[in-house]
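2 protein chains.
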Amino acid sequence: MTLTTAEENYLKAIYHLSDGGTKSVSTNDVAAEMKTKPASVSDMLRKLGDKEVIEYRKYYGVNITEDGKKRALQTIRKHRLWEVFLVDKLQFSWDEVHEVAEELEHIQSPLLIQRLDEFLNYPKFDPHGDPIPDEFGDVRARPRVALNEMEVNQAGQIVAVKDSSAAFLKYLDKVGAYIGARIKILDKVEFDGSMEILVDQKKTLFMSKDVAANILAIQS
Amino acid sequence: MTLTTAEENYLKAIYHLSDGGTKSVSTNDVAAEMKTKPASVSDMLRKLGDKEVIEYRKYYGVNITEDGKKRALQTIRKHRLWEVFLVDKLQFSWDEVHEVAEELEHIQSPLLIQRLDEFLNYPKFDPHGDPIPDEFGDVRARPRVALNEMEVNQAGQIVAVKDSSAAFLKYLDKVGAYIGARIKILDKVEFDGSMEILVDQKKTLFMSKDVAANILAIQS
DNA sequence: ATATATTTTTAGCTATATCTAAATAAATTT
DNA sequence: AAATTTATTTAGATATAGCTAAAAATATAT
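If you read the sequences in order, they're chains D and P. Going by this note's numbering, 130 is the number at position 130 of the first sequence; the sequence numbering is gapless. In this note's numbering, each number is its position in the second sequence, counted from 1, plus 220.
Printed below as a string of structure tokens:
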């Protein structure tokens, strides 16, 4: 059973909202995510339920099925591969890729995606640092590294901190190094291990080795 | 006024059937080309008429307008650029590209097409030898060359013959070198100017310089 | 436990794009 | 010129995907 473009988009939204299928999602939440009305969502949930990509119990929200999860991951795979293409090959910047990838992800051609993957040299992460599922829907566990272990020119995304004291979090917030921030190592001072880091492609930040050692990132 | 995917496809069909807008096209012809029913075509022609991309007089077929011509050429431009991408970068063969390009051509992003054009190094012809209109809809006049003037490894498409005697055409037909055939020069014998030519990616053909000099092709 | 508020669904409508069957216009035969 | 054939359009369906307004179910507050 094939899904329409609209169905694929709903399924992807449900996958994200359910944290990869680990919790159920309400009609209202889907409506907010899809920027549409709850009435439209009810209709669509019935359709997705019929196609067995979600489990739908009226008034009790939805859970994504195993089949639905696989399909959502395939769409996510396509989206992220196209993002890599746009950034690496067509010189798009991070903030320009999403909309276009949102259209490209619905092109139906397994051969196209296989060849694109090959052409891009089997990337494991998209330009935002998000992992690209393989053709079976498997996602590579994100290898987390402390910032001080990253090399100059390495890019990545901040995903966690080791020291979660209020003082440290406050400091991070102040300098703009929040969880989820895209970073790139600009320079490393050999003498004391301090670093110069580009945050979100705009702000440059200096931090000591001690601070860097307490910030965990995934590499792109 | 933007066109839907279906409207774009109809407009492209009308452009082709009208030989680039030089003659009017009947409802039945459009139906045959689009593999749909005349009743559906009537409906669509009314819509395209409202959007002023065609001139529609009931029962008398349609003529494409200047605006319609420009839009059709933009779609054709996108289609052919994607075909070049698929063949040159993703190792698709000629016969695999059409369907996928048919989907890709509807992606809405002027920046994408501009960057793709640049990435492909501004190609002037698609893998079938058809010219790629520029961003203003201008099509480069096809430079026709006699086969004997082509270099080894040059690919192209047979578009005309100099000698159009029945005998010559009969010979061409017999060996499979019809108008429209995709060819590639495999070898050239310096001694007598005779050539070895690959036709439609499968058949190998030997021809004398005299024969080659009477066949005109466009180069890819 | 009843009333109120929130969430969700249903009913009925719109628009796109298709279809079949019937009606009508144009072209062709006789 | 009338009859027939062909081409085209209209009328009335269907399916998808959205909407608003009203109804119904669930959750929360008094």
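Backbone N, C-alpha and C fix where the C-beta goes; we use that ideal spot for every residue, glycine too.
- The C-alpha of D:Tyr60 is placed about 23 angstroms away from the C-alpha of D:Arg71.
- Approximately 7 angstroms separates the beta-carbon atoms of P:Ala366 and P:Ile435; this is inside 8 angstroms, confirming the contact.
- Using a C-beta cut-off of 8 angstroms, the stretch 174-191 of chain D makes no contact with the stretch 241-249 of chain P, since fewer than three inter-stretch Cβ pairs fall below that distance.
- With respect to D:Ser220, D:Gly180 sits apart: the two C-beta atoms are not nearer than 8 angstroms.
- In this structure P:Lys344 is in contact with P:Arg360, their Cβ atoms being roughly 5 angstroms apart against a cut-off of 8 angstroms.
- Listed along chain P are Arg335, each with a C-beta nearer than 8 angstroms to that of D:Gln91.
- Going by DSSP, D:Val161 is part of the beta strand (DSSP E) stretching over 155-161.
- The stretch 72-82 of chain D makes no contact with the stretch 289-303 of chain P: fewer than 3 CB pairs, one atom from each, lie closer than 8 angstroms.
- Listed in chain order, the alpha helix (DSSP H) elements of length 4 or more contained wholly in the stretch 165-190 of chain D are 166-175.
- The C-beta of D:Glu135 comes no closer than 8 angstroms to any C-beta of chain P.
- In the structure shown, P:Lys290 adopts helical secondary structure according to DSSP, grouped into three states.
- Within the stretch 298-334 of chain P, the alpha helix (DSSP H) runs of at least 4 residues that lie entirely inside it are, in chain order, 314-324.
- Residue environment analysis places P:Tyr276 among the buried positions, since at least 16 neighbouring C-beta atoms fall within 10 angstroms of its C-beta.
- Judged by their CB atoms, P:Ile274 and P:Val250 are not nearer to each other than the 8 angstroms cut-off.
- In this structure P:Val379 is in contact with P:Arg362, their Cβ atoms being roughly 7 angstroms apart against a cut-off of 8 angstroms.
- Scanning D:Asp130, D:Ser208, D:Ala101 for the CA closest to the CA of P:Ile327 turns up D:Ala101.
- Around the beta-carbon of P:Gly240, fewer than 16 other beta-carbon atoms lie within 10 Å, marking it exposed.
- Here the alpha carbon of P:Met254 sits roughly 16 angstroms from the alpha carbon of P:Ile284.
- Closer than 9 angstroms at the C-beta level to chain P, one finds no residue of the stretch 153-174 of chain D.
- Pairing D:Lys188 with D:Val152 gives a Cβ-Cβ distance under 8 angstroms.
- Partner residues in a beta bridge of P:Leu231, as assigned by DSSP, do not exist.
- One alpha carbon belongs to D:Asp43, the other to D:Ser18, and they sit about 19 angstroms apart.
- Along the stretch 338-351 of chain P, going in chain order, the ones with a CB nearer than 7 angstroms to a CB of chain D are Phe339.
- Around the beta carbon of P:Asn248, fewer than 16 other beta carbons sit within 10 angstroms, so the residue counts as exposed.
- Secondary structure remark: continuous alpha helix (DSSP H) runs of at least 4 residues inside the stretch 16-74 of chain D, in chain order: 27-34, 38-50.
- A residue is called buried when at least 16 other Cβ atoms come within 10 angstroms of its Cβ; P:Asn368 meets this threshold and is buried.
- Under DSSP, the beta-bridge partners assigned to D:Thr204 are D:Leu198.
- Pairing P:Gly413 with P:Lys429, the inter-Cα distance amounts to about 5 angstroms.
- Ranked by Cα distance from D:Ser109, the first of P:Glu323, P:Asp420, P:Ser329 is P:Glu323.
- In the DSSP annotation of this structure, the continuous segment of the alpha helix (DSSP H) that includes P:Val431 starts and ends at 429-433.
- Residues of chain D whose Cβ lies closer than 9 angstroms to the Cβ of P:Val320 are, in chain order, Ile107, Gln108, Ser109, Leu111, Leu112.
- Here P:Leu310 is actually not in contact with D:Phe92; their C-beta atoms are around 18 angstroms apart, not less than 8 angstroms.
- When Cβ-Cβ separations below 8 angstroms define contact, D:Leu3 makes no contact with chain P.
- In terms of beta-carbon proximity, D:Leu81 stays away from the interface with chain P, with every pair separated by 8 angstroms or more.
- In this structure, DSSP gives P:Leu436 an extended state, which the three-state scheme calls strand.
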